[in-house]
Every structure is written in C-alpha cells, then in structure tokens.
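Asks: After the structure tokens below, expect a handful of questions from me.
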Amino acid sequence: MWPRIGDLRALALGTPGELRTNLNTLVLNGVKVATAGLLDEYAEDGEELEHVGERLALVDDHDVLVGVVEVTDVQVCRFAEVPWDFARAEGEGDRSIEEWRAGHAAYWARIGTPVTDDTQIVCIRFRLVSAGAGGIATGDLST
C-alpha cells in the first residue's frame with residue numbers, strides 16, 4: 008500500500024533528491040501536468056489505478072506535503088504507444104517522443120525495473136489544486 012496523507016494517496020515523483028525536487032518544482036510552476044508509472048507496480052503494491060477527480064498529495068523527499076493535484080485523465084497503454092502529447096505534458100523538456108522513451112527507459116532501468124515496448128504504462132494527467140498544505144492535516148504518513 009502506498010503512503011497516505013489524510014485521505015489522499017501520496018504522489019512521490021521520481022526518486023528522492025534532485026530529481027524529485029525538480030519534478031515537484033515543475034508541477035508547482037504549472038509546467039508538469041502529467042506523470043507516467045508502471046502498471047505492474049500497482050498490482051505489486053495492492054493499489055488501484057488513480058481515477059478522474061481523485062486528489063493526490065504531492066510530497067517531497069521527507070513525505071512533507073508540497074501540493075495537491077487532481078487527476079484529470081488516466082490511460083493505460085504499451086510503452087511503445089505512449090503518445091507525444093502525453094510525453095510533452097510531463098513538462099520535462101523532451102524534444103521528441105523518442106527522447107522521452109529513451110529517458111524513461113533509462114530511468115526505469117536505473118531503478119531496477121527495465122521496460123520493453125510491451126510494458127504497460129499508466130499515463131496520468133492532473134492539474135495543480137493547491138501548493139503547500141492546502142488545509143490538509145499533514146500528520147504522519149501511514150503505509
């Protein structure tokens with residue numbers, strides 16, 4: 008089960024450190040409005056897919072709430088079929104779908120989950136609802 012803040016599932020982008028800080032900054036600046044995950048991780052962790060209208064707690068390296076996002080779309084597709092408009096919405100500066108695929112394949116390989124063209128990817132689009140705690144109790148995360 009993934010960490011929670013109050014009733015919200017935590018959204019911890021990338022890996023802790025510089026990457027997560029950069030990705031959170033992109034979200035808080037309205038540049039990053041999408042993120043991709045591996046469908047297999049949901050099953051392994053006993054989690055359901057996000058759904059339209061669900062709010063997620065964007066967290067930093069210390070599981071401190073830095074913002075709240077609301078899911079606007081969820082699609083599952085093969086890695087080889089992730090569309091360019093989605094990749095662009097991730098806001099990470101990729102100049103082509105090929106560059107996005109190469110970067111994401113390298114990232115997932117680095118964290119021990121290599122992907123193939125047939126790997127199922129969860130493509131989540133969201134909008135920033137609030138920055139900071141946004142009135143949500145930020146007590147301890149429970150797992």
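Sequential numbering of the sequence shown, starting at 8, is according to the working numbering.
Don't be surprised by glycine CBs; every beta carbon is placed ideally from N, CA and C.
Just so we're clear, the structure is a prediction, and the values are computed from it rather than from any experiment.
Can you name the residues that DSSP bridges to E55?
Replies: DSSP lists no partner for E55.
Asks: Using a Cβ-Cβ cutoff of less than 6 Å, which residues in the same chain neighbour A43 once the five nearest sequence positions on both sides are dropped?
Replies: Cβ within range, chain order: I128, C130.
Asks: According to DSSP, is D80 part of a helix, a strand, or is it coil?
Replies: Here D80 sits in strand by DSSP.
Asks: Look at the alpha carbon of L45 and the alpha carbon of A87, and state the distance between them as a whole number of angstroms.
Replies: Taking the straight line from one Cα to the other gives about 13 Å.
Asks: Which residue wins for smallest C-alpha separation from Q82, given the options L72, F93, V73, G74?
Replies: The candidate whose alpha carbon is nearest that of Q82 is F93.
Asks: Applying the 10 Å Cβ sphere with the 16-neighbour rule, what's the burial state of C57?
Replies: Correcting the residue type first, residue 57 is Glu in the shown sequence and not Cys. So E57 ends up on the buried side.
Asks: If you run the structure through DSSP and keep just helix, strand and coil, what is G141?
Replies: With a pLDDT of only 48 at G141, under 50, the local geometry of the prediction cannot be trusted, and the value read off the model is given with reservation. Coil.
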